[in-house]
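Data first, discussion second: the structure below is written as structure tokens.
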């Protein structure tokens, strides 16, 4: 996988930040996601922890254009992916593009009338799934439980989203458990 240090990742966040306040907010959230993702990744054999460290810092780089609560907030993933591709980080771009909720399918886009290009945005690699799951557990910059994450998605997006969050959590937990046998 492509290599970028944590320091370089933070430099990229700063480069695209719309303000110092926004930079600090995205960085605090991303560092909490990184902490959760690395903790999980250490318990799964064959995981690229270096990639998890840098990709988790960059997963929300598109937030500087599409803030939480804004009309097009859901587009922060594809915006971030475009930035990361431009910066020569195509694998990091996939994390940004696929980390929303537990992933968004073409079917979800059509059924929910989402303002996204019609394609699947589903985490594929173990690293993508771990970072996506970790992101679901972080509310702003606080790491919460799976139960809290499911409840939040049930309330904010709907029960189908909550079920998908739980399914991804179960899959990631299965990765951890399969390594301990």
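In this note's numbering, the protein residues as written are 36 to 216.
Even glycine gets a Cβ: it sits at the ideal position worked out from N, Cα and C.
Here the region 70-78 makes no contact with the region 54-62; the two share fewer than three CB pairs at distances below 8 Å. The region 85-93 makes contact with the region 164-184, as at least three CB pairs between them are under 8 Å.
Residue nearest to residue 40 within the set 124, 149, 130 and 179 is 124 (criterion: CA-CA distance). Just so you know, the alpha carbons of residue 207 and residue 158 end up roughly 12 Å apart. One Cα belongs to residue 118, the other to residue 83, and the distance between them is close to 22 Å. Your pair residue 161 and residue 79 checks out as a contact, with CB atoms roughly 6 Å apart and the cut at 8 Å.
Take residue 184, set aside five residues on each side of it, and the residues of its chain with a beta-carbon closer than 7 Å to its own are 171, 172 and 200, in chain order.
At the C-beta level, residue 135 and residue 112 come within 7 Å of one another. A check of alpha carbon separations from residue 97 across 81, 77 and 65 identifies 65 as the nearest. The Cβ atoms of residue 93 and residue 127 lie closer than 7 Å to each other. Rounded to whole angstroms, the gap between the alpha carbons of residue 114 and residue 132 is 8 Å. Taking residue 181 as the centre and dropping the five residues before and after it, the same chain places the C-beta of 204 closer than 6 Å to its C-beta, in chain order.
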